[in-house]
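S.K.: Following this message is one structure expressed as structure tokens.
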Amino acid sequence: MTTQDLADVVRRQQALIERLRRERHEPIAIVGMGLRFPGDNDTPAALADFLDIGGVGTGPFPTDRWDASAFGVDGTEKGKIHSAGGGFLTGIDEFDATFFAISPKEARCLDPQQRLVLETAWTALEHANIDPTRLRHGTGGVYFGVSSLDYALELSSVADEDMDGYLAAGVLHASVSGRLSYTLGLRGPSITLDTACSASLVALHLAVQALRGGECEIALAGGVNAIHHPLSTALLSDMQALAADGRCKTFDESADGYARSEGCGVLLLKRLSDAERDGDKILALVRGSAVRQDGESAGLTAPNGTAQVALIRAALANATLTPADISYVEAHGTGTPLGDPIELAALAEVFSDHTRENPLRVASVKTNLGHMETAAGVGGVIKTVLQLQRATIYPHLNLDRPSGRIPWDSYPIEIPAKSGPWEAPVRRAVVNSFGFAGTIASVVLEQSPVLQPAQHDPGTGGVFTLSAKSATALADQITRYRALLDQRPDLADLCYTTNVGRAHFRHRVSGVVRDHADLAALLDRAATTESVAVTNRKVGFLFTGQGAQYPGMAAAPYRDHPAFAAALDECDAALTPLVGRSIKDLVLDETATGLDETRYTQPALFAVEYAMARLWLSWGVRPTILIGHSVGEVVAAAIAGLFDLADAAKLVVARGRLMGAVSTSGGMVSVPLPADELAELIAGYPDLAVAAVNAPGQSVLSGGEDALTAFTATLVERGVDAKRLTVSHAFHSPLMTEVVDEFRAAIADITFRRPELTLVSTVTGQVAKWRDLAQVDYWVRQIGAPVDYLAAMRAVHKRGKHVFIEVGPGSTLTSLGKRCVEPKDHAWLTTLRRTDPAAVTTALAKAYTAGLTPAWAQVHAGTRRALVDLPTYPFERKSHWLPTGTRQPVEQAPTAARAAKVEAPFDPTPLADPDTRQPAIEGLIRRVLAGAMDFTHPDEISPEAEFTDLGIDSLVAAELRAALTAALPVPCPAAAVFDHPTARGLARFLADQFTAPEQNG
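Add 1 to the 1-based position in the sequence shown for the working numbering, that's all there is to it.
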């Protein structure tokens, strides 16, 4: 080994060591926060304003938690509560179970801590402008601190008949993290931990370690606490831990314990490098963290100052910072006469280099909100992040007489009495959280990095999207976004964020907006329009035939959509050498000539339609069916993958050249008559043929010039409005026989492949078999055979509801398609219109409202936009609670009473009538489900709602199948509930199983 080789090895090893060092200490970005805190604080902005003015979130115990017998009278009774109050959430019993596809029956079995975490985590993701559904199947991690056993304690007063198997997981602390991972589809670590009051900060510490170690790519960390059974509060009173007046008087002479509070806080975390790469909004950085134990001290629950000093120093070391870098500490500071002085002494020792002129400022959010116990640490982090963002330190409350146990004059510490600026070269802070049983945690935070402003593409608008899971929630969303317009957000950024930063549900609003007035008008229209949930629809691409072309038809999408431009460039490269003329010039130049010459028309249409289809595919819109009219079928086959672009170019160029070279003059006429009637009328004209069956009562005639002229005259005499088409030859007629042999020879060496998409043949009017398509003879036959668009559309119609997207110019095929089938069953979109340069963008917005959800990140690929703050989801909460002796929410009826509303006897009489059979079965399904899942009324179950969205599991599915089998004279197969997953779909399937009444005997 040479000296150079050794030097290279040393260099590589040094690079590896440096990379590992960076990874071990890489800052972790906080990119989103969700919270439900006392004082009705449920957004970061609301909490920031609340803290800035010194808001107080504590107060008397709510009257609906427990009755007066839980309270002591003179402060001496054991097992009684001796505190005046604390910090509480409104609606602790309420939860939007429907949003999370949880049935009422299961929801009432869930510890409210699980429910709080689900809603608050979703809000944190939305606060970060991350669509939660995009995390599914990724390695997202979940870390939560939980201690409260109150819901399990409630079971002691639940009647046996109200017990349910759902309670097993419903009261299990492991389900707090597990259910969130399950709901979001996260496959990274999922850990619930209990270190009492330090639990949420320990959860954050573990999440930071997992991110640095590569165990997860994103993490949700936090804590939750709920207080609704009197026993836990009474026991804390017995150990004299609670303040008599229900306030945390941290560092004050009157400190006599803490105020119990409930709440939930969630942080969304990423590695800084990932957050910067993804363009995330970075709220603050976690520079380092540490966890320690008090070990031996004055008692299990007594703090240990020496351990606290070691802890903070370890956190700073992990952050690669020194005490001089820190200018603020968010103290654990619960307001106990023992703990507060010990914590301040530890801080004074660690931060001894600070001076009275440059003091360390220390405060505790517990003076505002009370002690949220397992959510306390994350509460302190969220408060500190808000201070870092606003460069403001909020006031510390309840400090009327500084504690005499603290030597204030010897400490370089200042307690902020009012809100003031946070002045430091770089704002950095330490957050402490100390556990009841001695596990202590400390985290070092830093202001978000000052980044260079991202390059920003100019834009004045875009496709705006808004959705919700119900009409009511959508109306609430509309109101919130209408108010957002008062802030005049950048419209292009707003549209971008609504597209990529939110999940997309079935109640939808969308439109192309160019200015704030456009968006205001769109929202105002939506507010007065009844919202109907979109249904699952398949996608059909319609490829237009000859006659719809116009010069410059590709100019706008080529200018506005890079994916379209790239595909058109590919086509131009493949076609132009074969055609002998630039295809791009023909389709981009509005003054181009020759486009109506068949030798140019067909390659030009191919290029434009191929590029348009590729654009939609790049947006993640994948068709389940393709229909091409005449030359459009060649494009459809190429998109399906039947042949590659080079072979497709060879075929379409030869097709256009030879069809345009037929020597016999002829033409085509559109005739408003059914094909069979038209065929009878031309029986005496051997040179004429029905060239296309476009719709009921709409056909196309093709043939030699003389015969066509003569026959057309007879039609006019009969009052038939026959119209001559602008074509050069008699396509799809026997006159094409002249070029058949030459065409066959020209395409003989084409390589056919098994298509990846389904094509409906307009030659046969049926779904094409690939072995038929993969024959040269099929494509030879296709130029002379009639186009049976009517049969093709009807074949597709039988396969379900579709969104039909015409990827060629004009609206010929969508207009005809509406006449072929029931138009209301489908959505009809056009993408290229001479009068609307933004037609494809308009079509994208309409596709969204019709039920398609494109891959919005791919729609915006190549554009540089910024994420903006948006309103978060308006949950529709309802009361869900076990019928207990300690608490009985007014809206919650006992189980037996609920069941009585839905278990009416089934009347089989309507089954005999085919017109009433399906509605009767549908009603039965809804009643059975309402009873099985504790809905108060069958009307709560929408007939179009997916069973999974209702929270139906295998047990409920089995119960439904058993009930249907017992009530109906036809079997309900085991798979039927899953194959037809709505009440209407299952009812339709079962109704179809009936034979005629007379055959039933």
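Even glycine gets a Cβ: it sits at the ideal position worked out from N, Cα and C.
Take residue 444 as the anchor and find which of 177, 481, 201, 249 has the nearest alpha-carbon.
M.R.: In the sequence shown, residue 444 corresponds to position 443, counting from 1. Per the Cα distances, 201.
S.K.: Report the residue ranges of all beta strand (DSSP E) runs contained in full by the stretch 695-775; include only those spanning at least 3 residues, in chain order.
M.R.: Taking only runs of at least 3 residues, the beta strand (DSSP E) segments lying wholly in the stretch 695-775 are 699-705.
S.K.: In terms of DSSP beta bridges, what is residue 221 paired with?
M.R.: Within the sequence shown, the letter at position 220 stands for residue 221. 143, 269.
S.K.: Please list the terminal residues of the continuous alpha helix (DSSP H) segment that includes residue 849.
M.R.: Within the sequence shown, the letter at position 848 stands for residue 849. Its alpha helix (DSSP H) spans residues 840-850.
S.K.: What are the partner residues of residue 829, as DSSP defines its beta bridges?
M.R.: One-based indexing of the sequence shown puts residue 829 at position 828. According to DSSP, residue 829 bridges with 805.
S.K.: Output needed for residue 749: all residues of its chain with C-beta closer than 7 Å, excluding positions within five of it in sequence on either side, in chain order.
M.R.: Working through the sequence shown from its first residue, we reach residue 749 at position 748. Hits under 7 Å: 777.
S.K.: If you check the beta carbons only, do residue 195 and residue 148 fall under 8 Å apart?
M.R.: Translated into positions along the sequence shown, residue 195 becomes position 194. Translated into positions along the sequence shown, residue 148 becomes position 147. For residue 195 and residue 148, yes; Cβs fall inside 8 Å.
S.K.: With a threshold of 7 Å, establish whether the CB of residue 493 neighbours any heavy atom of the ligand PLP.
M.R.: In the structure shown, the ligand PLP is absent, as is every other ligand, since no ligand is present at all.
S.K.: Can you give me the C-alpha to C-alpha distance between residue 588 and residue 566, rounded to a whole angstrom?
M.R.: As a working mapping, residue 588 is identified with position 587 in the sequence shown. As a working mapping, residue 566 is identified with position 565 in the sequence shown. Cα-Cα distance, rounded: 12 Å.
S.K.: Could you tell me which residues DSSP puts in a beta bridge with residue 469?
M.R.: Residue mapping note: residue 469 aligns to position 468 of the sequence shown, counting from 1. Partner(s): 508.
S.K.: If you scan the stretch 372-413 from start to end, which runs of the alpha helix (DSSP H) of 4 or more residues do you find wholly inside it?
M.R.: For the stretch 372-413, whole alpha helix (DSSP H) runs of length 4 or above, ordered along the chain, are 377-391.
S.K.: Starting from residue 488, follow the alpha helix (DSSP H) in both directions and report where the run begins and ends.
M.R.: In the sequence shown, counting from the first residue as 1, residue 488 sits at position 487. First-last for residue 488: undefined, no H or E at that position.
S.K.: Going by alpha carbons, who is nearest to residue 203 out of 176, 146, 239?
M.R.: Along the sequence shown, read from residue 1 onward, the residue named residue 203 stands at position 202. When only C-alpha atoms are compared, the closest one is 146.
S.K.: Residue 329 to residue 978, Cα distance in whole Å?
M.R.: The count along the sequence shown starts at 1 and reaches residue 329 at position 328. The count along the sequence shown starts at 1 and reaches residue 978 at position 977. Rounded to whole angstroms, residue 329 to residue 978 spans 59 Å at the Cα level.
S.K.: CA-CA distance, residue 896 and residue 976?
M.R.: The count along the sequence shown starts at 1 and reaches residue 896 at position 895. The count along the sequence shown starts at 1 and reaches residue 976 at position 975. Note that residue 896 scores a pLDDT of 45, beneath 50, so its modelled location is shaky; the value from the coordinates is reported in the next line. Roughly 29 Å separates the two Cα atoms.
S.K.: So the candidates are 710, 650, 721, 717; which of them puts its Cα closest to the Cα of residue 752?
M.R.: The residue you call residue 752 lines up with position 751 of the sequence shown. Residue 752 has its Cα closest to that of 650, out of 710, 650, 721, 717.
S.K.: Note down the Cα distance separating residue 106 from residue 876, rounded to an integer number of angstroms.
M.R.: In the sequence shown, the residue the question calls residue 106 occupies position 105. In the sequence shown, the residue the question calls residue 876 occupies position 875. Roughly 19 Å between the two C-alpha positions.
S.K.: What would DSSP say about residue 561, mapped onto helix, strand or coil?
M.R.: Here residue 561 is taken as the residue at index 560 of the sequence shown, counted from 1. Looking at residue 561 - three-state DSSP - the assignment turns out to be helix.
S.K.: Counting only the same chain and skipping the five closest in sequence on each side, list residues whose C-beta sits under 7 Å from that of residue 950.
M.R.: Within the sequence shown, residue 950 is the residue found at index 949, counting from 1. Counting only Cβ-Cβ distances below 7 Å, and skipping sequence neighbours, we find 102.
S.K.: When the Cα atoms are used, what is the spatial distance from residue 763 to residue 563?
M.R.: Position 762 of the sequence shown, counted from the first residue, corresponds to residue 763. Position 562 of the sequence shown, counted from the first residue, corresponds to residue 563. Their Cα atoms are separated by approximately 32 Å.
S.K.: Between residue 173 and residue 121, which are expected to be in contact by the criterion C-beta below 8 Å, what is the C-beta distance as a whole number of angstroms?
M.R.: Here residue 173 refers to the residue found at position 172 of the sequence shown. Here residue 121 refers to the residue found at position 120 of the sequence shown. In fact, because the Cβ distance is near 19 Å, the residues do not count as touching under 8 Å.
S.K.: Indicate whether residue 284 and residue 126 have their beta-carbon atoms separated by less than 8 Å.
M.R.: Along the sequence shown, one-based indexing puts residue 284 at 283. Along the sequence shown, one-based indexing puts residue 126 at 125. No.
S.K.: According to DSSP, is residue 926 part of a helix, a strand, or is it coil?
M.R.: Residue numbering aside, residue 926 sits at position 925 when the sequence shown is read from its first letter. In this structure, residue 926 counts as helix in the three-state DSSP scheme.
S.K.: If you compare alpha carbons, which of 701, 686, 159, 658 is closest to residue 669?
M.R.: In the sequence shown, residue 669 corresponds to position 668, counting from 1. Of the candidates 701, 686, 159, 658, the one whose C-alpha sits nearest the C-alpha of residue 669 is 701.
S.K.: I need the straight-line Cα distance from residue 5 to residue 13, nearest angstrom please.
M.R.: Sequence index remark: in the sequence shown, residue 5 carries index 4 (1-based). Sequence index remark: in the sequence shown, residue 13 carries index 12 (1-based). Answer to the nearest angstrom: the Cα atoms are 12 Å apart.
S.K.: Please identify the residue among 44, 655, 541 whose C-alpha is closest to the C-alpha of residue 768.
M.R.: Here residue 768 corresponds to residue number 767 of the sequence shown, with the count starting at 1. Checking every option, the nearest Cα to that of residue 768 belongs to 541.
S.K.: Provide the residue span of the beta strand (DSSP E) that contains residue 194, from first to last.
M.R.: For the purposes of this step, residue 194 is taken as residue 193 along the sequence shown, with counting starting at 1. Start and end: 191-194.
S.K.: Among 628, 620, 834, which has the Cα closest to the Cα of residue 796?
M.R.: Translated into positions along the sequence shown, residue 796 becomes position 795. Ranking the options by Cα distance to residue 796, first place goes to 628.
S.K.: Let me check one thing: in DSSP terms, what residues is residue 447 bridge-paired to?
M.R.: Here residue 447 refers to the residue found at position 446 when the sequence shown is read from its first residue. The partner list for residue 447 (beta bridge, DSSP) reads 286, 429.
S.K.: Only counting the same chain, and skipping five residues up and downstream in sequence, which positions put a Cβ closer than 6 Å to that of residue 792?
M.R.: Numbered from 1 along the sequence shown, position 791 holds the residue referred to as residue 792. 766, listed in sequence order.
S.K.: Alpha carbons only, please: which of 435, 396, 433, 424 is nearest the one belonging to residue 416?
M.R.: For the purposes of this step, residue 416 is identified with residue 415 of the sequence shown, where counting begins at 1. The shortest Cα separation from residue 416 among 435, 396, 433, 424 belongs to 396.
S.K.: How would you label residue 295, buried or exposed, when you count the other beta carbons within 10 angstroms and need 16 or more for buried?
M.R.: In the sequence shown, counting from the first residue as 1, residue 295 sits at position 294. Buried, by the Cβ-count rule.
S.K.: Would the beta-carbon of residue 404 fall within 8 Å of that of residue 254?
M.R.: For the purposes of this step, residue 404 is taken as residue 403 along the sequence shown, with counting starting at 1. For the purposes of this step, residue 254 is taken as residue 253 along the sequence shown, with counting starting at 1. Result yes, Cβ atoms of residue 404 and residue 254 sit closer than 8 Å.
S.K.: Where does residue 982 sit, in a helix, a strand or coil, going by DSSP?
M.R.: If you number the sequence shown from 1, residue 982 lands on position 981. Note: residue 982 maps to coil in three-state DSSP.
S.K.: Helix, strand or coil: which one does DSSP assign to residue 811?
M.R.: Within the sequence shown, residue 811 is the residue found at index 810, counting from 1. Residue 811 falls in the coil class under three-state DSSP.
S.K.: Rank 482, 300, 537, 507 by C-alpha distance to the C-alpha of residue 520 and give the top, closest one.
M.R.: For the purposes of this step, residue 520 is identified with residue 519 of the sequence shown, where counting begins at 1. Among 482, 300, 537, 507, the Cα nearest to that of residue 520 belongs to 482.
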